[in-house]
Amino acid sequence: MNVQAEPVVADQKPQHERVPAPLIAYLRDYLARLRGGELGSAPAIVGLVVITAFFAIVHQGFLSAYNLEALVIQAAPIIVMAMGLVFVLLLGEIDLSAGTTGGLCSAIMAVLLLRHGQPWWIGVLAGLAVGLVIGFVMGWLRARAGIPSFVITLATFLAFQGLTLILIGGQGSVILPTGSPLISLENSFVPIWLGWTLLGIFVLGYAAIKLVDARGRRQSGLPATPVVVIVAKVVAVALLGSAFTYEMGINRNLITNAFFSNKAQGEPWAVVLLVLLFVVWHFTLSRTRYGRHVYAVGGNEEAARRAGVVVSRIRISVFVICSGMAAISGVVAASLLQSVQSNAGAGNTLLLAVGAAVIGGTSLFGGRGRMIDAVLGGLVVAVIINGMSDLIQGSNSSGYEWVVTGAVLLLAAGFDAVVRRGRSS
Amino acid sequence: MKTLELRGVGKSFGPVVALSGVDFSAAAGDVTALVGDNGAGKSTLVKCIGGIHRIDAGEILVDGTAQQLHEPRDAARLGIEIVHQDLALADNLDVVGNMFLGRERVGRLHTLDENTMEQLAAQTLASLGVRTVRSVRQRVASLSGGQRQTVAIAKSVLWSSKIVILDEPTAALGVAQTEQVLDLVRRLADRGVAVVLVSHNMNDVMQVADSIAVLFLGRMATQVRRKDVSQTQVVELITSGRSGELGLPAESRGASQ
Numbered sequence: 001m002n003v004q005a006e007p008v009v010a011d012q013k014p015q016h017e018r019v020p021a022p023l024i025a026y027l028r029d030y031l032a033r034l035r036g037g038e039l040g041s042a043p044a045i046v047g048l049v050v051i052t053a054f055f056a057i058v059h060q061g062f063l064s065a066y067n068l069e070a071l072v073i074q075a076a077p078i079i080v081m082a083m084g085l086v087f088v089l090l091l092g093e094i095d096l097s098a099g100t101t102g103g104l105c106s107a108i109m110a111v112l113l114l115r116h117g118q119p120w121w122i123g124v125l126a127g128l129a130v131g132l133v134i135g136f137v138m139g140w141l142r143a144r145a146g147i148p149s150f151v152i153t154l155a156t157f158l159a160f161q162g163l164t165l166i167l168i169g170g171q172g173s174v175i176l177p178t179g180s181p182l183i184s185l186e187n188s189f190v191p192i193w194l195g196w197t198l199l200g201i202f203v204l205g206y207a208a209i210k211l212v213d214a215r216g217r218r219q220s221g222l223p224a225t226p227v228v229v230i231v232a233k234v235v236a237v238a239l240l241g242s243a244f245t246y247e248m249g250i251n252r253n254l255i256t257n258a259f260f261s262n263k264a265q266g267e268p269w270a271v272v273l274l275v276l277l278f279v280v281w282h283f284t285l286s287r288t289r290y291g292r293h294v295y296a297v298g299g300n301e302e303a304a305r306r307a308g309v310v311v312s313r314i315r316i317s318v319f320v321i322c323s324g325m326a327a328i329s330g331v332v333a334a335s336l337l338q339s340v341q342s343n344a345g346a347g348n349t350l351l352l353a354v355g356a357a358v359i360g361g362t363s364l365f366g367g368r369g370r371m372i373d374a375v376l377g378g379l380v381v382a383v384i385i386n387g388m389s390d391l392i393q394g395s396n397s398s399g400y401e402w403v404v405t406g407a408v409l410l411l412a413a414g415f416d417a418v419v420r421r422g423r424s425s
Numbered sequence: 001m002k003t004l005e006l007r008g009v010g011k012s013f014g015p016v017v018a019l020s021g022v023d024f025s026a027a028a029g030d031v032t033a034l035v036g037d038n039g040a041g042k043s044t045l046v047k048c049i050g051g052i053h054r055i056d057a058g059e060i061l062v063d064g065t066a067q068q069l070h071e072p073r074d075a076a077r078l079g080i081e082i083v084h085q086d087l088a089l090a091d092n093l094d095v096v097g098n099m100f101l102g103r104e105r106v107g108r109l110h111t112l113d114e115n116t117m118e119q120l121a122a123q124t125l126a127s128l129g130v131r132t133v134r135s136v137r138q139r140v141a142s143l144s145g146g147q148r149q150t151v152a153i154a155k156s157v158l159w160s161s162k163i164v165i166l167d168e169p170t171a172a173l174g175v176a177q178t179e180q181v182l183d184l185v186r187r188l189a190d191r192g193v194a195v196v197l198v199s200h201n202m203n204d205v206m207q208v209a210d211s212i213a214v215l216f217l218g219r220m221a222t223q224v225r226r227k228d229v230s231q232t233q234v235v236e237l238i239t240s241g242r243s244g245e246l247g248l249p250a251e252s253r254g255a256s257q
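Those protein sequence lines, which keep their order, are chains A and B.
In terms of full-length UniProt numbering, the first sequence has 59 at position 59, counting the first letter as 1, and numbering is strictly consecutive.
In terms of full-length UniProt numbering, the second sequence has 250 at position 250, counting the first letter as 1, and numbering is strictly consecutive.
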């Protein structure tokens, strides 16, 4: 590294007088970060666009309203679980049991509902509470007893799978009561007017936060994001959101007619849940002292400890968050299937969520990751699974699907490793 | 009155005596070099001052008052800051994040007050005459060894530490960077901080120190003003514990004699 010896590149005057100087500085800064290996969300976005374009070309109807809805509700449980995993991964830990924790919590919920006649919200709260306790115990075992998280969560991965099997019992699945709000989460839709209103609130809120931030920085005499860039970002978010809301407004019920006016239109309620969870956790990670400490412990545990951060508390908390989110993910998955299977959360559930976080740009080695990674990576995973299932037909189709999904994950992780190597040299 | 004073400090690990009867002092505005061969007890002494090890004998005085140091937080509370070679910074945070780590400013709604922190970090670096760090929003991972030391040292200034202990600050640095860091060490002392420089490098020590303390096999051979000794004498003190009239009495030299 010999960058520090070079003087600040201040003698480069803006070449084009029409472009405001802050914009040039901003772009130059962004390019420098890209070259330094801080790619942010760029690879995930490019990957998402490329893969989506590929499937849209080879498979007509991939971007139809019907398929888009299927894609979103398929992605929802993966994204929720990945959001929780980001916290654990930020500390360089792993939670192999997130999938079966979600399965166990949803099984507890389903059993409370159907065998004990509890209202749905009691079931959800009980499931969530169990998730939080599980996270606390695993975090405590890791932080205080010093057992590697791989071992702890491998043990709980197996044990919870068994508990779910015992709870659900011989019949193989518990079917959620029809008409329950639990099923509505993934299978009924936000009224169109409400969808647009929520989008408006989201876009205005996003714009307001960005503009207030920039004004605050300018008032403090610090370089701020140019207004042009903010406007461009807000417009991009608004356009994407509008396109999605518009397409979700199309009726997808093929048997709607003059006599049968039952329509399927509007975005799934799960989208609202995803946005809410994203906003809460993004805020936590990027704007609170707690979030800063999570990054610090993930980056250099010893430095954090010396700076007075109580490392064990941070470590326990990320497991609590991860298992809590796993419980929510389990509920979403139950809503998607309208039932809880005896193998809920087993198999690939966890690995897909970890893959989502990693494809999004979260490092498995700790210290690097953001909430948006879970969302983008989860979408990539869902697009691949959804697209492959339409593309590959025949008796061995699911085999090919997994091979391709695996290859993409390897690509993403390989990319991560190459970027890391490039940065440290 | 010395800012930091150690009287008869002893520390054993089981049967191994790491320090015995060590006297040491560091005055405000001085750079006090702590030198000694490998295994002489430099690290142990630093850890005792930093509250990482508890001392078995003797006392540690800060501003003339005896203090009990049970854990690193006790040391931090007294204004003692140890700048370690590698352990000081989190690579994935930027300069501001590192300088305020553990002591973040929060504003309304309990959110991080990034603007104030960024201003203060930039001011601190500027007040130390640091021009090598391009932007305080750079990640520490992208900084060179010298820049990292600079940030770690600036952190202690930001928190107005009274006693700053630098553990081998130039060990991994090139010539130009070493020069920059030594400059910074001098400026730090000129602000009235008691700086303790732990180093192997005789050139660094002779260039920047006001006072030199030599540890020899767990005992303080001597602490002298820099201008009273030559480099040869210091080297002799390090290797054999005595040099002419200076150092340990002949009969009580290290156990190997």
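In this text, a Cβ means the ideal position worked out from N, Cα and C, and glycines have one as well.
| Item | Value |
| --- | --- |
| Please report the straight-line C-alpha distance between V196 of chain B and I165 of chain B, rounded to a whole angstrom. | 5 Å |
| Do Q118 of chain A and A382 of chain A count as a contact pair if the criterion is CB distance below 8 Å? | no |
| Note the first and the last residue of the continuous alpha helix (DSSP H) segment covering R219 of chain B. | No alpha helix (DSSP H) holds R219 of chain B; the beta strand (DSSP E) holding it covers R219 to R225. |
| Between the region 67-85 of chain A and the region 266-276 of chain A, can you find at least three pairs of beta-carbon atoms closer than 8 Å? | yes |
| What is the residue span of the beta strand (DSSP E) that D210 of chain B lies within? | Note, D210 of chain B: premise wrong, no beta strand (DSSP E); not H, not E. |
| Mind checking whether V375 of chain A and F278 of chain A have CB atoms under 8 Å apart? | yes |
| Would you mind telling me which residues of chain B sit closer than 7 Å to A296 of chain A, beta carbon to beta carbon, in chain order? | A90, L93 and L101 |
| Against V106 of chain B, what residues of chain A qualify as contacts under a CB-to-CB distance less than 7 Å, listed in chain order? | R289 |
| Determine, using beta carbons only, whether L78 of chain B and Q67 of chain B come nearer to each other than 8 Å. | yes |
| Verify whether the separation of the beta carbon atoms of A356 of chain A and G330 of chain A is less than 8 Å. | no |
| Please work out which residues of its chain come closer than 6 Å, Cβ to Cβ, to A28 of chain B, disregarding the five sequence neighbours upstream and downstream, and give them in chain order. | T3, G192 and A194 |
| Just checking: is the beta-carbon of L222 of chain A within a distance shorter than 8 Å of some beta-carbon in chain B? | yes |
| Apply the 10 Å Cβ neighbour rule to V58 of chain A and answer buried if 16 or more other Cβ atoms are within range, or exposed otherwise. | exposed |
| For D190 of chain B, is the classification buried or exposed, using 16 other Cβ atoms within 10 angstroms of its Cβ as the cut-off for buried? | exposed |
| Using the three-state DSSP reduction, which class does E118 of chain B fall into: helix, strand or coil? | helix |
| Give a yes or no on contact between the region 314-326 of chain A and the region 82-97 of chain A, applying the rule of three or more CB pairs nearer than 8 Å. | yes |
| Taking C-alpha atoms, which residue in B:G14, B:G58 and B:G36 lies nearest to S20 of chain B? | B:G58 |
| Taking C-alpha atoms, which residue in A:S363, A:G366, A:P22 and A:V358 lies nearest to V380 of chain A? | A:V358 |
| Could you tell me which residues DSSP pairs with D94 of chain B in its beta bridges? | B:R139 |
| How about I55 of chain B and G10 of chain B: are their beta carbons less than 8 Å apart? | yes |
| State yes or no: is the beta carbon of R73 of chain B nearer than 8 Å to at least one beta carbon in chain A? | yes |
| When you compare the CB of E401 of chain A with every CB in chain B, is at least one pair closer than 8 Å? | no |
| Check each candidate in A:V297, A:E301 and A:V237 and name the one with the smallest Cα separation from V275 of chain A. | A:V237 |
| Please determine if the region 133-150 of chain A and the region 335-346 of chain A are in contact, where contact requires at least 3 C-beta pairs separated by less than 8 Å. | no |
| Assuming V354 of chain A is part of the alpha helix (DSSP H), what are its boundary residues? | T349 to G360 |
| Could you check which residue in B:Q223, B:M206 and B:Q123 has the C-alpha nearest to that of D23 of chain B? | B:Q223 |
| Would you report the Cα separation of Y66 of chain A and V332 of chain A, rounded to the nearest angstrom? | 19 Å |
| Grab the span of the alpha helix (DSSP H) containing I55 of chain B for me, first residue to last. | It is not in any alpha helix (DSSP H) - I55 of chain B carries neither H nor E in the DSSP assignment. |
| Which runs of the beta strand (DSSP E) at least 3 residues long sit entirely within the region 307-386 of chain A? Give them in chain order. | 339-341 |
| Would the beta-carbon of V174 of chain A fall within 8 Å of that of L114 of chain A? | yes |
| Within the continuous beta strand (DSSP E) that includes Q67 of chain B, where are the two ends? | T65 to Q67 |
| Of all Cβ atoms in chain B, is any one closer than 8 Å to the Cβ of E38 of chain A? | yes |
| When you compare the CB positions of residue 427 of chain A and I134 of chain A, do they come within less than 8 Å of one another, or not? | No information on residue 427 of chain A is available, as it lies outside the stretch 1 to 425 that chain A covers here. |
| Does any CB atom of chain A fall closer than 8 Å to the CB of L184 of chain B? | no |
| Below 7 Å CB to CB, which residues in the same chain sit around L89 of chain B once its five sequence neighbours on both sides are set aside? | N98, V140, R148, V151 and A152 |
| List the residues of chain B whose Cβ lies closer than 8 Å to the Cβ of R368 of chain A, in chain order. | N92 |
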